[in-house]
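Asker: Chains A, B, C and D are the protein sequences, given in the same order.
Reading the first sequence from the start, the letters are residues 8 to 363 in this note's numbering.
Reading the second sequence from the start, the letters are residues 8 to 363 in this note's numbering.
Reading the third sequence from the start, the letters are residues 8 to 363 in this note's numbering.
Reading the fourth sequence from the start, the letters are residues 8 to 363 in this note's numbering.
Quick reminder that beta carbons are idealized off the backbone N, C-alpha and C, glycines included.
Number of protein chains: 4
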Amino acid sequence: MFNILGNLLNLTTFGESHGLAYGGIINNFPAGLTVDFDKIQYELDRRKPGQSAIVTQRKESDTVKFLSGIFDGKTTGTPIGFIIENENQKSKDYDHIANSYRPSHADFTYDKKFGARDYRGGGKSSARETINWVVAGALAKQLLPDIEIKAYVSSVGDIFCEKPYQALDFSKIESNEIRCPDSETAEKMISRIKEIKKEGNTIGGTITCVIKNVPVGVGEPIFSKLQAELAKAMLNINACKGFEYGSGFCGAKMTGKEHNDLFNSDFSTQSNLSGGIQGGISNGMDIYFRVAFKPVATILRPQDSIDKEGNPVIVEGKGRHDPCVVPRAVPIVESLAAFVIADLFLINKTRNIHNW
Amino acid sequence: MFNILGNLLNLTTFGESHGLAYGGIINNFPAGLTVDFDKIQYELDRRKPGQSAIVTQRKESDTVKFLSGIFDGKTTGTPIGFIIENENQKSKDYDHIANSYRPSHADFTYDKKFGARDYRGGGKSSARETINWVVAGALAKQLLPDIEIKAYVSSVGDIFCEKPYQALDFSKIESNEIRCPDSETAEKMISRIKEIKKEGNTIGGTITCVIKNVPVGVGEPIFSKLQAELAKAMLNINACKGFEYGSGFCGAKMTGKEHNDLFNSDFSTQSNLSGGIQGGISNGMDIYFRVAFKPVATILRPQDSIDKEGNPVIVEGKGRHDPCVVPRAVPIVESLAAFVIADLFLINKTRNIHNW
Amino acid sequence: MFNILGNLLNLTTFGESHGLAYGGIINNFPAGLTVDFDKIQYELDRRKPGQSAIVTQRKESDTVKFLSGIFDGKTTGTPIGFIIENENQKSKDYDHIANSYRPSHADFTYDKKFGARDYRGGGKSSARETINWVVAGALAKQLLPDIEIKAYVSSVGDIFCEKPYQALDFSKIESNEIRCPDSETAEKMISRIKEIKKEGNTIGGTITCVIKNVPVGVGEPIFSKLQAELAKAMLNINACKGFEYGSGFCGAKMTGKEHNDLFNSDFSTQSNLSGGIQGGISNGMDIYFRVAFKPVATILRPQDSIDKEGNPVIVEGKGRHDPCVVPRAVPIVESLAAFVIADLFLINKTRNIHNW
Amino acid sequence: MFNILGNLLNLTTFGESHGLAYGGIINNFPAGLTVDFDKIQYELDRRKPGQSAIVTQRKESDTVKFLSGIFDGKTTGTPIGFIIENENQKSKDYDHIANSYRPSHADFTYDKKFGARDYRGGGKSSARETINWVVAGALAKQLLPDIEIKAYVSSVGDIFCEKPYQALDFSKIESNEIRCPDSETAEKMISRIKEIKKEGNTIGGTITCVIKNVPVGVGEPIFSKLQAELAKAMLNINACKGFEYGSGFCGAKMTGKEHNDLFNSDFSTQSNLSGGIQGGISNGMDIYFRVAFKPVATILRPQDSIDKEGNPVIVEGKGRHDPCVVPRAVPIVESLAAFVIADLFLINKTRNIHNW
């Protein structure tokens with residue numbers, strides 16, 4: 008249904024950038040899981056503003072409070088309500104855009120669709136909404152203890168991590184500010200962002216996500232193919248412009264003979280250009296995909312724009328903004344992937360009477 | 008919900024490659040539309056096998072029969088049931104794969120998930136399912152008479168249509184077998200496919216889709232962003248490996264200053280790197296996106312594979328198959344786009360009390 | 008979602024009384040069930056017109072054809088499409104109501120809502136739609152082999168089956184035309200209906216349904232309570248005016264001391280005024296409920312009515328109609344109950360990690 | 008979907024009796040409505056414990072805080088998040104039931120389904136959940152300013168308000184503690200409840216709800232008939248045992264000739280035994296229905312019961328409980344009715360292209 012993430016396991020959310028709070032409700036989360044709250048806070052901290060020199064310097068504690076659905080440290084099977092209170096908003100920073108439309112923001116479209124908008128900090132269109140997703144994803148991860156979901160920054164501007172994911176040491180993702188496990192590339196990315204930031208400019212990038220140990224059979228044949236649910240989730244992230252999995256856009260240049268992914272006798276496959284999915288259903292190999300993010304639209308320079316009546320105005324990027332969205336988007340990508348997998352994992356428990 | 012396309016306007020489907028029929032039910036289609044049945048058959052004919060030398064030579068009439076929801080030539084507002092009977096199946100062609108797993112097909116994953124599978128022609132995993140989507144999309148197009156949805160083949164293997172879509176004459180899309188409006192590129196693509204076909208091989212490609220005249224306001228802010236619903240629909244197409252819209256993966260290399268899409272005084276924008284969508288909501292500019300398709304997995308050569316027990320077997324690509332999926336996928340991409348837009352267009356009628 | 012029965016296991020349907028066919032699609036039906044087609048036809052025969060002297064004398068074979076989702080006699084886990092072709096329609100019988108509104112029918116409301124209607128035989132509003140539900144319910148019953156779902160006629164007009172269900176021999180339900188297991192009451196009911204029929208009149212009645220052996224735990228705590236899903240399904244049946252379960256409306260006259268349902272030491276309960284459900288979740292005791300049906304609106308006498316412009320007309324009940332809906336509604340009630348239980352039974356497989 | 012109220016307009020909720028807070032998220036509420044917060048608090052006050060001598064003496068302020076979706080006093084079209092903090096819980100009152108199962112409560116079914124339960128105050132199974140529904144319903148009422156939704160207590164035990172609703176003065180509903188507009192009957196009901204309370208017992212009752220001025224056309228033909236959506240909502244209310252609309256169970260005793268609801272020349276009908284709905288769609292006449300509530304299960308007397316192991320225990324009704332649920336359920340019934348109507352009202356804006 009509109010505006011709900013997931014099907015069986017599902018998430019509804021609320022919150023605006025400068026409202027009182029963000030929060031959400033997770034429906035149909037199974038009972039009996041002992042929740043590790045530190046792990047949830049750990050994921051929130053990875054997304055948090057102010058965590059390093061290359062992200063926005065806003066300071067928010069981003070602490071989640073669970074209001075229901077957990078009793079004596081365990082999930083009860085009833086809806087999990089949670090809330091993250093907003094703090095440190097500087098709404099005054101936004102008075103200048105109450106009547107102006109910032110380029111490449113949602114100001115104009117919200118105004119036209121809804122007749123008005125909460126303009127403070129982008130209101131509902133703010134990427135702060137993703138904080139809700141990280142809470143839900145961190146819980147979903149705990150539901151899937153055997154599945155490993157790791158994302159990393161695979162490019163910033165034209166600096167690419169050229170090594171394939173198999174050649175990378177994922178334990179190093181958190182060892183640098185940009186979350187690229189190749190330290191040499193990471194350094195280049197970081198200095199590129201610092202440069203860009205100094206100019207008051209911003210820059211795009213990509214994130215690669217790898218999911219290991221998904222059992223065979225996760226994904227539904229029609230309209231809920233695993234890759235389709237992943238793509239939908241990713242394209243909902245603010246600034247996301249593209250999704251590809253397995254061979255992706257490169258696969259479109261190949262021939263069948265090159266691309267076909269031959270079986271080994273243990274049912275694993277040889278090239279995994281398939282990206283761990285066949286016919287919308289996981290095949291037991293690594294699932295991997297890549298997500299493109301455009302540069303953040305708010306730049307700290309004057310830009311020509313228009314107001315509500317179409318008159319020319321100059322908008323200035325005030326406030327504290329990210330020069331590049333990808334380091335903070337890493338936990339968001341992982342969280343959405345975890346939630347999507349968990350949803351399809353749950354329905355899969357019902358799909359074959361011989362597995363009951 | 009799982010396995011349902013759309014939200015308010017929604018489609019459920021059935022059918023397997025060698026079953027008796029395909030078909031579907033369209034729910035909540037508005038009443039009062041005079042249906043142009045020829046236009047629906049026209050779209051089916053564009054998808055049909057056997058229409059040219061570069062597609063599969065199977066012959067099927069692919070005629071849709073409407074069973075309900077239309078009376079006196081007009082939609083009645085009640086569910087539209089339709090059926091397309093299968094013909095010309097050569098199930099014998101598939102006996103050899105009853106116990107074998109073809110590389111890069113869904114044979115293995117279906118067997119593991121469901122315990123068994125209809126192996127004839129791929130059963131449910133066959134791309135013949137898309138015939139249902141074309142019926143639904145052709146109806147959705149008629150619901151949106153002012154909106155123009157045009158897709159074309161933008162690459163085959165490494166042959167790209169280099170011109171931007173604005174430089175192309177869309178009236179020429181149907182003028183050649185490959186459905187590329189640039190006739191010079193089209194010729195190259197066609198000869199590449201003929202070459203590949205002669206080798207018993209297959210090749211991938213991409214499709215670009217452009218949607219004009221979508222009114223401002225179509226798309227929902229959270230989890231049903233217009234691009235997210237489009238991505239989900241596209242990634243459900245067999246062989247689809249990626250989706251990008253607007254600046255797409257290229258946008259990830261750019262800076263904010265380059266990428267920002269400045270307004271004109273009439274609320275149109277200058278670069279439209281945004282791809283006609285801001286914050287998940289259409290902004291009135293052209294919506295455009297690109298979809299990647301891998302090469303068809305069935306090649307007409309012997310391939311090493313395994314059987315259900317993991318023993319080595321040789322599978323041979325029998326049957327009649329497409330050397331390249333993209334020319335026939337053009338109407339599929341358009342159809343899904345039309346359905347997604349129609350669904351979000353309908354809910355938009357309810358979202359603002361001042362528009363009632 | 009609107010116009011879909013069920014949640015995880017779900018049914019969408021199509022068909023109008025005088026259209027080409029009825030049919031439906033069952034989504035997410037588990038794989039691996041060996042389908043007993045005779046049992047499905049048996050249920051359709053119980054619902055069929057023309058089966059006895061006290062129901063409509065229309066003759067229809069009401070044969071279902073499965074078009075997908077079943078292979079080698081077993082469900083495949085993919086959507087089950089089915090169709091029942093219409094025959095023996097006498098559309099001419101309905102020309103007289105194309106512009107008139109029959110009292111207590113949906114003619115007026117359909118016309119106002121949708122701007123027009125298929126008036127032949129009531130079109131979409133015809134109770135023939137329930138044929139789809141019987142197919143789906145007959146499959147759902149087979150998914151729940153240990154659960155027994157039995158409905159019977161508990162009243163016709165003011166003739167009530169006074170015995171509680173525990174005192175009845177359910178094996179006698181099919182032993183008479185009215186489907187009341189108490190043969191003495193059955194006779195009275197039958198002669199009452201014959202009388203009414205002779206007058207060209209119709210009469211209402213109630214059906215009681217008893218469901219045994221539902222395991223503890225079926226039903227969801229909020230908004231999908233077992234009784235709520237049952238009530239919704241039943242109130243969708245044409246002519247249904249009410250639903251009560253357990254103590255029902257009588258329970259509203261009782262005190263807590265009388266009504267409370269004390270436990271036995273084996274967790275069974277003593278009075279089962281609860282009706283087998285506590286907090287929306289099955290408690291292992293018999294689930295029982297009662298459904299009220301108004302008299303069929305089509306009577307074979309002239310009635311004063313109006314046409315589309317509000318002018319007075321006389322409408323005559325032509326065609327072949329049921330004098331009392333309840334004997335044929337028995338399998339419909341059972342079918343919907345089976346489908347609702349199966350849906351909640353399936354999700355329950357996912358709700359507690361200790362049961363995986 | 009499971010555990011979600013509504014379809015297009017939908018509500019998800021959270022909260023347990025002795026958790027930190029209740030709350031919910033309303034999705035797809037239209038933009039542009041000026042919210043009257045006093046009216047929302049007024050409805051909450053009608054539901055509030057401690058408001059009179061015949062309801063529970065718990066004291067809770069029951070104040071709702073809106074966290075999102077409303078800006079400058081108007082709905083923004085984005086999700087409306089709200090919270091009601093719990094206070095005045097006396098969790099100690101419930102320690103005695105941590106291991107015992109109270110008769111006719113959900114203790115046993117929750118434990119079996121979920122493996123454990125929040126036993127304090129009934130946890131999720133507490134009727135305090137309905138506070139969320141009143142918030143959502145109060146907003147839905149404001150969306151439908153021309154529609155009047157009034158519920159009243161029509162029976163307590165065997166004391167019935169014999170007058171038909173047309174003979175009652177609805178402005179008197181709030182003039183007495185029991186919310187029965189017939190003051191003579193109200194007095195009898197109140198003294199009956201006082202009597203029952205003195206005995207430490209409880210008693211059941213019914214509520215009648217009347218909805219005026221619903222435009223013709225609200226309700227969907229299949230599976231979302233107006234009466235079906237109403238029934239589902241009502242049967243989700245704690246203690247609800249039955250639902251009937253229009254002629255209801257009495258209609259099952261009538262003949263077609265008596266029951267048929269003849270048209271007047273202005274398309275109104277004469278008897279309205281139909282209850283304002285034909286074929287699942289509103290016909291412009293008053294919609295009326297009746298809901299049965301069993302007596303509250305918690306009685307202030309010792310009762311025989313069992314513990315988790317099946318050993319005999321005595322449970323004592325401690326805490327502060329309602330002797331009769333119906334006076335406080337009146338705003339709950341109205342709220343759910345308002346929400347259901349609003350949901351179907353919104354989709355109806357999309358169902359006929361001639362009304363766009």
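(1) Using a cut-off of 9 Å between C-beta atoms, extract the partners of K131(A) located in chain D.
(2) If you follow the alpha helix (DSSP H) that P334(B) is part of, which residue opens it and which one closes it?
(3) Which residues in the same chain have their Cβ closer than 6 Å to the Cβ of P152(D), if we skip the five residues on either side of it in sequence?
(4) Tell me the rounded alpha-carbon separation between A344(B) and I156(B).
(5) Quick one: complete beta strand (DSSP E) runs, 3+ long, within the region 51-128 of chain A?
(6) Just confirm the distance between the C-beta atoms of D189(C) and C168(C), as a whole number of angstroms; I'd bet it's less than 8 Å.
(7) Name the DSSP bridge partner or partners of Q310(A)?
(8) Quick check: the Cα distance between F352(A) and F115(D), rounded to an integer number of angstroms?
(9) Using 7 Å as the threshold, is the C-beta distance between L280(D) and S312(D) below it?
(10) Under the three-state reduction of DSSP, which class applies to G249(C): helix, strand or coil?
(11) What does A1(B) pair with, by DSSP beta-bridge criteria?
(12) Below 8 Å on the Cβ atoms is my guess for K232(C) versus N318(D); work out the distance and round it to an integer in Å.
(13) Since R308(B) contacts G207(B) with CB under 8 Å, what's their CB separation in whole angstroms?
(14) Could you compute how far the alpha carbon of T213(D) sits from the alpha carbon of F256(D)?
(15) Does the region 99-110 of chain C come into contact with the region 52-61 of chain B, if we say contact requires no fewer than three beta-carbon pairs (one atom in each stretch) closer than 8 Å?
(16) Interface residues of chain D around I354(B) at Cβ under 8 Å?
(17) Whole angstroms are fine: how far does the CA of I91(B) sit from the CA of F89(C)?
(18) Looking at chain C, is there any beta carbon in it that lies within less than 7 Å of the beta carbon of L351(B)?
(19) On the DSSP bridge assignment, give the partners of I166(B) in chain order.
(20) Residues of the region 278-310 of chain D in Cβ contact with chain B at a cutoff of 8 Å, in chain order, please.
(21) Counting only runs of 3+ residues fully inside the region 222-298 of chain A, write out the beta strand (DSSP E) ranges in chain order.
(22) Which partner residues does A38(D) have in the DSSP bridge list?
(23) Using the three-state DSSP reduction, which class does K219(A) fall into: helix, strand or coil?
(24) Distance cutoff 7 Å, beta carbons only. Does I197(D) sit that close to anything in chain B?
(25) Find the nearest neighbour of E191(D) within the set V42(D), I210(D), K239(D) and K170(D), judged by alpha-carbon distance.
(26) Roughly how many angstroms separate the alpha carbons of P228(D) and G13(A), rounded to a whole number?
(27) One question on the structure: do I180(D) and A193(D) come within less than 7 Å of each other, judged by their Cβ atoms?
(28) One question on the structure: do A246(B) and V332(B) come within less than 7 Å of each other, judged by their Cβ atoms?
(29) Please identify, using Cβ separations under 8 Å, the residues of the region 30-61 of chain D that lie next to chain B, in order along the chain.
(30) Verify the CB distance criterion: does F21(D) have a CB-CB separation below 7 Å to chain G?
(31) What does I33(D) pair with, by DSSP beta-bridge criteria?
(32) Does DSSP put A158(C) in a helix, in a strand, or in coil?
(33) Please confirm whether I154(A) has its beta-carbon closer than 7 Å to some beta-carbon of chain C.
(34) Is the CB-CB distance between S342(C) and V141(C) below 7 Å?
(35) Hey, out of G287(A), M292(A) and Q285(A), whose CA is closest to Q277(A)'s CA?
(36) Under the DSSP definition of a beta bridge, which residues are partnered with L12(A)?
Answerer: A quick look at the data gives this:
(1) Your numbering for residue 131(A) matches position 124 in the first sequence. Residues of chain D passing the Cβ test: S75, G76, T83, G84, T85 and P86.
(2) If you number the second sequence from 1, residue 334(B) lands on position 327. Per DSSP, P334(B) belongs to the alpha helix (DSSP H) from V333 to N355.
(3) One-based indexing of the fourth sequence puts residue 152(D) at position 145. Contacts found: none.
(4) In the second sequence, the residue the question calls residue 344(B) occupies position 337. In the second sequence, the residue the question calls residue 156(B) occupies position 149. Approximately 8 Å between the Cα atoms of the pair.
(5) 71-73 and 87-92
(6) Working through the third sequence from its first residue, we reach residue 189(C) at position 182. Working through the third sequence from its first residue, we reach residue 168(C) at position 161. Contact holds; Cβ gap of about 5 Å.
(7) By one-based count along the first sequence, residue 310(A) stands at place 303. For Q310(A), which the question treats as bridged, DSSP gives the partners V322(A).
(8) As a position in the first sequence, residue 352(A) is number 345, starting the count at 1. As a position in the fourth sequence, residue 115(D) is number 108, starting the count at 1. Spanning the two alpha carbons is a distance of roughly 28 Å.
(9) Walking along the fourth sequence from the start, residue 280(D) turns up at place 273. Walking along the fourth sequence from the start, residue 312(D) turns up at place 305. No, they are not a contact pair.
(10) Mapped onto the third sequence, residue 249(C) falls at position 242. Reduced to three states, the DSSP call for G249(C) is strand.
(11) No statement about residue 1(B) is possible, as the shown extent of chain B runs from 8 to 363 and does not include it.
(12) Numbered from 1 along the third sequence, position 225 holds the residue referred to as residue 232(C). Numbered from 1 along the fourth sequence, position 311 holds the residue referred to as residue 318(D). With 8 Å as the limit, K232(C) and N318(D) do not qualify as a contact, their Cβ atoms being about 29 Å apart.
(13) By 1-based counting over the second sequence, the position of residue 308(B) is 301. By 1-based counting over the second sequence, the position of residue 207(B) is 200. Between G207(B) and R308(B) the Cβ distance is about 5 Å, and since that is below 8 Å, they are a contact.
(14) By 1-based counting over the fourth sequence, the position of residue 213(D) is 206. By 1-based counting over the fourth sequence, the position of residue 256(D) is 249. Going from the Cα of T213(D) to the Cα of F256(D) covers about 14 Å.
(15) no
(16) Here residue 354(B) refers to the residue found at position 347 of the second sequence. Correct list: L15, N35 and T357.
(17) By 1-based counting over the third sequence, the position of residue 89(C) is 82. By 1-based counting over the second sequence, the position of residue 91(B) is 84. Roughly 13 Å between the two C-alpha positions.
(18) The residue labelled residue 351(B) in the question sits at position 344 within the second sequence. Chain C, which has no Cβ nearer than 7 Å to the Cβ of L351(B), makes this no.
(19) If you number the second sequence from 1, residue 166(B) lands on position 159. V163(B), per the DSSP bridge assignment.
(20) none
(21) 247-252
(22) Here residue 38(D) is taken as the residue at index 31 of the fourth sequence, counted from 1. DSSP, once it has assigned bridges, lists N359(B) as partnering A38(D).
(23) Position 212 of the first sequence, counting from 1, holds the residue named residue 219(A). Reduced to three states, the DSSP call for K219(A) is strand.
(24) For the purposes of this step, residue 197(D) is taken as residue 190 along the fourth sequence, with counting starting at 1. I197(D) does not count as touching chain B.
(25) Residue 191(D) sits at position 184 when you count from the first residue of the fourth sequence. Closest option to E191(D), Cα to Cα, is K170(D).
(26) Translated into positions along the fourth sequence, residue 228(D) becomes position 221. Translated into positions along the first sequence, residue 13(A) becomes position 6. The alpha-carbon atoms of P228(D) and G13(A) are separated by roughly 27 Å.
(27) Position 173 of the fourth sequence, counted from the start, is the residue given in the question as residue 180(D). Position 186 of the fourth sequence, counted from the start, is the residue given in the question as residue 193(D). No; because the gap between Cβ atoms is not below 7 Å, this pair is not in contact.
(28) Locating residue 246(B) in the second sequence gives position 239, where the first residue counts as 1. Locating residue 332(B) in the second sequence gives position 325, where the first residue counts as 1. A contact, by the Cβ cut-off of 7 Å.
(29) N35, P37, A38, G39 and L40
(30) No chain G is present in this structure, whose protein chains are A, B, C and D.
(31) Here the question's residue 33(D) lines up with position 26 in the fourth sequence. Per DSSP, L18(D) and I87(D).
(32) Here residue 158(C) corresponds to residue number 151 of the third sequence, with the count starting at 1. Three-state DSSP puts A158(C) in a strand.
(33) Locating residue 154(A) in the first sequence gives position 147, where the first residue counts as 1. Not closer than 7 Å to any Cβ of chain C, the Cβ of I154(A) fails to qualify, so no.
(34) Locating residue 342(C) in the third sequence gives position 335, counting from the first residue. Locating residue 141(C) in the third sequence gives position 134, counting from the first residue. Taking 7 Å as the Cβ cut-off, S342(C) and V141(C) qualify as a contacting pair.
(35) Along the first sequence, read from residue 1 onward, the residue named residue 277(A) stands at position 270. Selected option, being the one with the closest Cα: M292(A).
(36) Taking the first residue of the first sequence as 1, we reach residue 12(A) at position 5. Bridge partners of L12(A): L18(A).
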